[in-house]
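Enquirer:
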Amino acid sequence: MDDDFGDVPDFDVLLGPSKSDKSLPHTSAPEKLDQTRKVQQPKPQALPSRSSPSSILVSARQRGNPILNHVRHVPWEYADIPADYIVGSTTCVLFLSLKYYRLHPEYIYSRIKGLAGKYNLRILLTLIDIPNHEDSLRELSKTSLVNNLTLILCWSAAEAGHYLELFKSCEHAQPTAIRTQQSQSYNESLVEFITTPRSINKSDAASLISTFGSLQAAVNAQAEQISTVPGWGEKKVQQWHDAVRDDFQIQRTAKRSAKPSTDNTKAAMMQQENFTFTEEENAFLAAHSEKFSHDKPSQSSETPSHRIHKNKLNSQDDMERENDSSKDDWPESNARPSGQHEE
Numbered sequence: 001m002d003d004d005f006g007d008v009p010d011f012d013v014l015l016g017p018s019k020s021d022k023s024l025p026h027t028s029a030p031e032k033l034d035q036t037r038k039v040q041q042p043k044p045q046a047l048p049s050r051s052s053p054s055s056i057l058v059s060a061r062q063r064g065n066p067i068l069n070h071v072r073h074v075p076w077e078y079a080d081i082p083a084d085y086i087v088g089s090t091t092c093v094l095f096l097s098l099k100y101y102r103l104h105p106e107y108i109y110s111r112i113k114g115l116a117g118k119y120n121l122r123i124l125l126t127l128i129d130i131p132n133h134e135d136s137l138r139e140l141s142k143t144s145l146v147n148n149l150t151l152i153l154c155w156s157a158a159e160a161g162h163y164l165e166l167f168k169s170c171e172h173a174q175p176t177a178i179r180t181q182q183s184q185s186y187n188e189s190l191v192e193f194i195t196t197p198r199s200i201n202k203s204d205a206a207s208l209i210s211t212f213g214s215l216q217a218a219v220n221a222q223a224e225q226i227s228t229v230p231g232w233g234e235k236k237v238q239q240w241h242d243a244v245r246d247d248f249q250i251q252r253t254a255k256r257s258a259k260p261s262t263d264n265t266k267a268a269m270m271q272q273e274n275f276t277f278t279e280e281e282n283a284f285l286a287a288h289s290e291k292f293s294h295d296k297p298s299q300s301s302e303t304p305s306h307r308i309h310k311n312k313l314n315s316q317d318d319m320e321r322e323n324d325s326s327k328d329d330w331p332e333s334n335a336r337p338s339g340q341h342e343e
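Per the UniProt record's numbering, residue 1 is the first one in the sequence shown, and the count goes up by one each step.
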């Protein structure tokens, strides 16, 4: 077929890329397919920490406990919990009365076993309601150490309720809240050291350092020299002098340690004064007094012959006393009814 219009070459040029695509393999198409098949995964995000309720959770076992009457500044509600009180997401409280513990000592061990390590901070709030509590507290201290418990003592229901309120209010408190503010510079530390006595303030500390020039000179100065500092009276001078010169060891401890010995000697003397010998013991001691004093010849100036003579006399006196006592008992021992023969 002839090309009457002369557009065949132009048409072949337009169809050229399509023919070349059929003859050659496609390389870019699979890459496009792979890009379309990829699925973008969402990035995992950290879940927010589970916040504990704003109220104290109270177990049904504590219904009627007088402690709840003193929990007024923090709301509380009953809940089904293994502990007695929940005051934080990781903090629980077990309440124990020593009077009840003395009657049922196995109760607290079963309650600790019920916790099963669910809380990081486990508090054992103990009410001291008995006079002799030393032995009970000793056992509870051992139990707290073994089972990772924190032992808190209270002496009234109001104090126990205040502890619960304090634990709940300080749930999210930072540890810096209980730290003391440390001085940042040397001057602040110097003023803090000098103002340790109650009557000395910051202005007194500044005048002291300005007068002596250094802390060492102020410490080594005498009381007469310190009295020349402006603003320092007799009371401040005495307190400063006592603070830097007195010993750290208290002398009362020596007196207290010496008291038991004096008490023991007094008790021994009272026992000796109240102790009395019987007649037989007096006779025995009189008869053998020379025997006991034999080891101490310097205390006696008698000769051995005198001692032997005295021992003989004492032995004769003992024999006579025995005979007298046997004569007194003879009629009673020989008294027999008529017609009874001796065996």
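C-beta: ideal position from N, C-alpha, C; glycine also.
Counting only the same chain and skipping the five closest in sequence on each side, list residues whose C-beta sits under 6 Å from that of residue 148.
Expert: Here residue 148 refers to the residue found at position 148 when the sequence shown is read from its first residue. Same-chain partners within the cutoff: there are none.
Enquirer: May I have the straight-line CA-CA distance separating residue 172 from residue 220, to the nearest angstrom?
Expert: By 1-based counting over the sequence shown, the position of residue 172 is 172. By 1-based counting over the sequence shown, the position of residue 220 is 220. In a straight line, the C-alpha of residue 172 is about 48 Å away from that of residue 220.
Enquirer: Keeping to the same chain, check which residues put their C-beta closer than 8 Å to that of residue 70; ignore five residues upstream and five downstream.
Expert: Position 70 of the sequence shown, counting from 1, holds the residue named residue 70. Closer than 8 Å at the Cβ level, and outside the excluded window around residue 70, lie 157, 158, 160, 161 and 162.
Enquirer: Tell me whether residue 72 sits in a helix, a strand or coil according to DSSP, three-state version.
Expert: If you number the sequence shown from 1, residue 72 lands on position 72. If DSSP states are grouped into helix, strand and coil, residue 72 belongs with coil.
Enquirer: Tell me the rounded alpha-carbon separation between residue 99 and residue 129.
Expert: Indexing the sequence shown from 1 puts residue 99 at position 99. Indexing the sequence shown from 1 puts residue 129 at position 129. Whole-angstrom Cα-Cα distance: 6 Å.
Enquirer: Kindly list the residues whose CB is nearer than 6 Å to the CB of residue 168, restricted to its own chain and excluding five residues on each side of it in sequence; keep chain order.
Expert: What you label residue 168 is simply residue 168 of the sequence shown in a count that begins at 1. So the qualifying residues of the chain are 56, 74 and 87.
Enquirer: Once the 5 residues before and after residue 305 are set aside, which same chain residues still bring their CB inside 7 Å of it?
Expert: Stepping through the sequence shown from its first residue, residue 305 is reached at position 305. Unreliable positioning characterises residue 305 in this predicted model, as indicated by a pLDDT of 47, which lies under 50. The coordinate reading is nonetheless provided below. Within the same chain, residue 305 has no close Cβ partners at all.
Enquirer: In its own chain, which residues sit with a C-beta less than 7 Å from the C-beta of residue 236, not counting the 5 before and 5 after it?
Expert: As a position in the sequence shown, residue 236 is number 236, starting the count at 1. So the qualifying residues of the chain are 199, 200 and 204.
Enquirer: Using only the alpha-carbon positions, how far apart do residue 216 and residue 226 sit?
Expert: The residue you call residue 216 lines up with position 216 of the sequence shown. The residue you call residue 226 lines up with position 226 of the sequence shown. Their backbone Cα atoms lie some 13 Å apart in a straight line.
Enquirer: Can you tell me the Cβ-Cβ gap for residue 152 and residue 125, rounded? I've got them flagged as a contact below 8 Å.
Expert: Taking the sequence shown and counting its residues from 1, the one referred to as residue 152 is at position 152. Taking the sequence shown and counting its residues from 1, the one referred to as residue 125 is at position 125. With 8 Å as the limit, residue 152 and residue 125 qualify as a contact, their Cβ atoms being about 5 Å apart.
Enquirer: Mapping the DSSP letters down to three states, classify residue 97 as helix, strand or coil.
Expert: For the purposes of this step, residue 97 is taken as the residue at position 97 of the sequence shown. Three-state DSSP puts residue 97 in a strand.
Enquirer: With 16 other CB atoms within 10 Å as the buried threshold, where does residue 107 fall?
Expert: By one-based count along the sequence shown, residue 107 stands at place 107. That one is exposed.
Enquirer: Among the candidates 194, 131 and 123, whose CA atom is the shortest distance from the CA of residue 141?
Expert: On the sequence shown, position 141 is the one that residue 141 refers to. If we check each option's Cα against that of residue 141, 123 comes out closest.
Enquirer: Starting from residue 114 and walking both ways along the alpha helix (DSSP H), at which residues does that stretch end?
Expert: Translated into positions along the sequence shown, residue 114 becomes position 114. 107-115 is the span of the alpha helix (DSSP H), which, as asked, contains residue 114.
Enquirer: Taking just the CA atoms, how far does residue 242 sit from residue 79?
Expert: Looking up residue 79 in the sequence shown gives position 79. Looking up residue 242 in the sequence shown gives position 242. So the alpha carbons of these two residues sit roughly 58 Å apart.
Enquirer: Between residue 127 and residue 240, what straight-line distance do the alpha-carbon atoms span, to the nearest angstrom?
Expert: On the sequence shown, position 127 is the one that residue 127 refers to. On the sequence shown, position 240 is the one that residue 240 refers to. If I take the Cα positions, the gap works out to 43 Å.
Enquirer: What do you get for residue 187, buried or exposed, if any count of 16 or more other CB atoms within 10 angstroms of its CB means buried?
Expert: In the sequence shown, the residue the question calls residue 187 occupies position 187. Its Cβ having fewer than 16 others within 10 Å, residue 187 is exposed.
Enquirer: Taking the C-alpha atoms as reference points, what is the distance between residue 206 and residue 96?
Expert: If you number the sequence shown from 1, residue 206 lands on position 206. If you number the sequence shown from 1, residue 96 lands on position 96. Roughly 53 Å separates the two Cα atoms.
Enquirer: What residues match up with residue 85 in a beta bridge as DSSP calls it?
Expert: As a first step, residue 85 must be located in the sequence shown, where it is residue number 85. Paired residues: 58 and 93.
Enquirer: Span of the beta strand (DSSP E) holding residue 63?
Expert: In the sequence shown, residue 63 corresponds to position 63, counting from 1. It is not in any beta strand (DSSP E) - residue 63 carries neither H nor E in the DSSP assignment.
Enquirer: Using only CA atoms, which one of 90, 232, 67 and 139 lies nearest to residue 170?
Expert: Sequence index remark: in the sequence shown, residue 170 carries index 170 (1-based). Comparing Cα positions, the closest option is 90.
Enquirer: Tell me residue 122's beta-bridge partners as DSSP assigns them.
Expert: Within the sequence shown, the letter at position 122 stands for residue 122. According to DSSP, residue 122 bridges with 92.
Enquirer: Among residues of its own chain, excluding the 5 on either side of residue 133, which ones have a beta-carbon nearer than 6 Å to its beta-carbon?
Expert: The sequence position of residue 133 within the sequence shown is 133, counting from 1. Excluding residues within five positions, the ones whose Cβ falls inside 6 Å are 98.
Enquirer: List the DSSP bridge partners of residue 150.
Expert: The residue labelled residue 150 in the question sits at position 150 within the sequence shown. 123, per the DSSP bridge assignment.
Enquirer: Which stretch, first to last residue, makes up the alpha helix (DSSP H) that contains residue 241?
Expert: Counted from its first residue, the sequence shown places residue 241 at position 241. Looking at the DSSP string, the run of the alpha helix (DSSP H) that includes residue 241 is 234-245.
Enquirer: Using the C-alpha atoms, what's the distance from residue 136 back to residue 228?
Expert: Your numbering for residue 228 matches position 228 in the sequence shown. Your numbering for residue 136 matches position 136 in the sequence shown. If I take the Cα positions, the gap works out to 59 Å.
Enquirer: Alpha carbon to alpha carbon, how far is residue 211 from residue 139? Give it in angstroms, no decimals.
Expert: Position 139 of the sequence shown, counted from the first residue, corresponds to residue 139. Position 211 of the sequence shown, counted from the first residue, corresponds to residue 211. Cα to Cα, the separation comes out at about 59 Å.
Enquirer: Excluding sequence positions up to five away, which residues of its chain have a Cβ less than 7 Å from the Cβ of residue 84?
Expert: For the purposes of this step, residue 84 is taken as the residue at position 84 of the sequence shown. For residue 84, where only same-chain residues beyond five positions count, the Cβ hits under 7 Å are 59, 61, 62, 93, 94 and 95.
Enquirer: Could you check where the alpha helix (DSSP H) with residue 209 kicks off and where it finishes?
Expert: Locating residue 209 in the sequence shown gives position 209, where the first residue counts as 1. Unbroken alpha helix (DSSP H) run through residue 209: 202-212.
Enquirer: Report the three-state DSSP secondary structure of residue 188 (helix, strand or coil).
Expert: Start at 1 with the first residue of the sequence shown, and residue 188 comes out as number 188. Residue 188 falls in the helix class under three-state DSSP.
Enquirer: Considering only the beta carbon of each residue, do residue 218 and residue 209 sit closer than 8 Å?
Expert: As a first step, residue 218 must be located in the sequence shown, where it is residue number 218. As a first step, residue 209 must be located in the sequence shown, where it is residue number 209. Result yes, Cβ atoms of residue 218 and residue 209 sit closer than 8 Å.
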